[in-house]
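Report on one structure; see the data block that follows.
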Amino acid sequence: MNLQSELNKTSLFSNLELLANQVVEGFISGIHKSPFHGFSAEFAEHKIYNDGESTKHIDWKLFAKTDKLYTKRYEEETNLRCHMILDSSASMYYPEVKDLSASNLNKIGFGVLAIAALMNTLKRQRDAVGLSVYSDSYNFYSPEKGSERHHQMLLAKLSEISLDTKPAQQTETYTYLHQIAENIKRRSLIFLFTDMFQNSADDEKIFDALRHLKYNKHEVVLFHLLDRSTEFHFDFDNTPKRFLDVESGEHIDLYSSNIKEAYERSVTSYFEDLKLKCAQYKIKYVEVDIKGDFSKILNTYLVERKKFV
Numbered sequence: 001m002n003l004q005s006e007l008n009k010t011s012l013f014s015n016l017e018l019l020a021n022q023v024v025e026g027f028i029s030g031i032h033k034s035p036f037h038g039f040s041a042e043f044a045e046h047k048i049y050n051d052g053e054s055t056k057h058i059d060w061k062l063f064a065k066t067d068k069l070y071t072k073r074y075e076e077e078t079n080l081r082c083h084m085i086l087d088s089s090a091s092m093y094y095p096e097v098k099d100l101s102a103s104n105l106n107k108i109g110f111g112v113l114a115i116a117a118l119m120n121t122l123k124r125q126r127d128a129v130g131l132s133v134y135s136d137s138y139n140f141y142s143p144e145k146g147s148e149r150h151h152q153m154l155l156a157k158l159s160e161i162s163l164d165t166k167p168a169q170q171t172e173t174y175t176y177l178h179q180i181a182e183n184i185k186r187r188s189l190i191f192l193f194t195d196m197f198q199n200s201a202d203d204e205k206i207f208d209a210l211r212h213l214k215y216n217k218h219e220v221v222l223f224h225l226l227d228r229s230t231e232f233h234f235d236f237d238n239t240p241k242r243f244l245d246v247e248s249g250e251h252i253d254l255y256s257s258n259i260k261e262a263y264e265r266s267v268t269s270y271f272e273d274l275k276l277k278c279a280q281y282k283i284k285y286v287e288v289d290i291k292g293d294f295s296k297i298l299n300t301y302l303v304e305r306k307k308f309v
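Right under this line is the structure:
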């Protein structure tokens, strides 16, 4: 049976944990022989076995080759605290997708599956994970924990969010990032998933809120989610279309080719400003195309985890 094919025939989020496992194992198998290598205590070196020591860590395969007893030494495990923050406002449900699947995602679907994949790696490492969700209100908060029950509760919440048919039309990023900063008491690695669209606060205020997280000694990674073909390059067929702002309700009728060049210049300038501000405040900025794979997410996690601990 082709597992991926079967999974894609059903609703993505009824198989969220299984697909998250698949995302992680597919990624890790590309950089390690074993898909699970590096997600528990990591091997450091061999040392000669001394009489009287525990035989638990003897490398019997090496003994078969050398006829000498060696034990494996491992690097000391560290307990990481990680908090995921997800923007669940209406703009995150773009583009409209009737049947979510691993190969057919909108921004919220990509964010949910990316968080589930990160949770999977944290679970294997026995690290603690928390979740905050906001839009026009602080919709959900759960502190960092590492239990199986907590893991399943977060997966259920993520599935619920992804299938929301009436998302909030307003985005209060500035307000709720400050509240989230107050809730996270201990130093954590924080991942924020958002499309950076808001209509009630300017970017300076949002970065003031992100700076609040940095002031509390957290490390912050901003995953900027977008459908690059349409939201960056404005690639639409050249027929008259109505473009609707799902958060404000405003609309405009036009031919996409008439403004494509000016639109791209404006968006490029905006993205460059975001990158500069993130660099200024020492926030890791990662642009993520939702039509791509999850390698940027997981690569960033591995790099930032190593720096954090």
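Residue numbers (full-length UniProt numbering): 1 to 309. Glycine included, each C-beta is placed from N, C-alpha and C at the ideal position. Values in this document were obtained by computation on a predicted structure and should not be read as measured data.
Reference residue i, options the options, closest by Cα
i: E160; options: T171, R149, N139; result: N139
i: K61; options: E53, D51, H46, I297; result: H46
i: residue 319; options: S295, D289, K284, K291; result: Outside the displayed span of the chain (1 to 309) sits residue 319, for which this structure offers no information.
i: P167; options: A90, R186, F27, C278; result: A90
i: L274; options: T175, M196, I290, D237; result: M196
i: F232; options: E219, S248, K291; result: K291
i: N21; options: D164, I58, L155, G249; result: L155
i: I115; options: L19, L244, N50; result: L19
i: T165; options: L100, E264, V288; result: L100
i: L86; options: R124, T55, Y134, H57; result: Y134
Run of the alpha helix (DSSP H) containing residue i, from where it starts to where it stops
i: A128; result: Unbroken run through A128 is the beta strand (DSSP E), 128-134; no alpha helix (DSSP H).
i: Y270; result: 256-280
i: F308; result: 295-308
Burial state of residue i (16 or more Cβ within 10 Å)
i: S88; result: buried
i: D293; result: exposed
i: Q252; result: Strictly speaking, residue 252 in this sequence is Ile, with Gln absent from that position. With fewer than 16 other Cβ atoms within 10 Å, it is exposed.
i: residue 326; result: What is shown of the chain runs 1 to 309, which leaves residue 326 out entirely.
i: D127; result: buried
Residue i in three-state terms, based on DSSP
i: N106; result: coil
i: V112; result: helix
i: D87; result: strand
i: E172; result: coil
i: R228; result: helix
i: D203; result: helix
i: K185; result: coil
i: G38; result: Residue placement at G38 is flagged as unreliable, the pLDDT there being 44, under the threshold of 50; the coordinate-derived value follows with that caveat. Reduced to three states, the DSSP call for G38 is coil.
i: L222; result: strand
i: L19; result: helix
i: Y49; result: coil
i: D235; result: coil
i: K68; result: coil
i: L80; result: coil
i: D208; result: helix
i: K33; result: Unreliable positioning characterises K33 in this predicted model, as indicated by a pLDDT of 45, which lies under 50. The coordinate reading is nonetheless provided below. Three-state DSSP puts K33 in coil, outside helix and strand.
i: F27; result: helix
Residue span of the beta strand (DSSP E) that contains residue i, given as start and end
i: V97; result: Run containing V97: none; DSSP gives neither H nor E here.
i: K284; result: 284-289
i: L157; result: Checking the sequence, you will find Lys at residue 157 rather than Leu. Looking at the DSSP string, K157 is not in any beta strand (DSSP E); the run it does join, the alpha helix (DSSP H), is 148-162.
i: F140; result: 138-145
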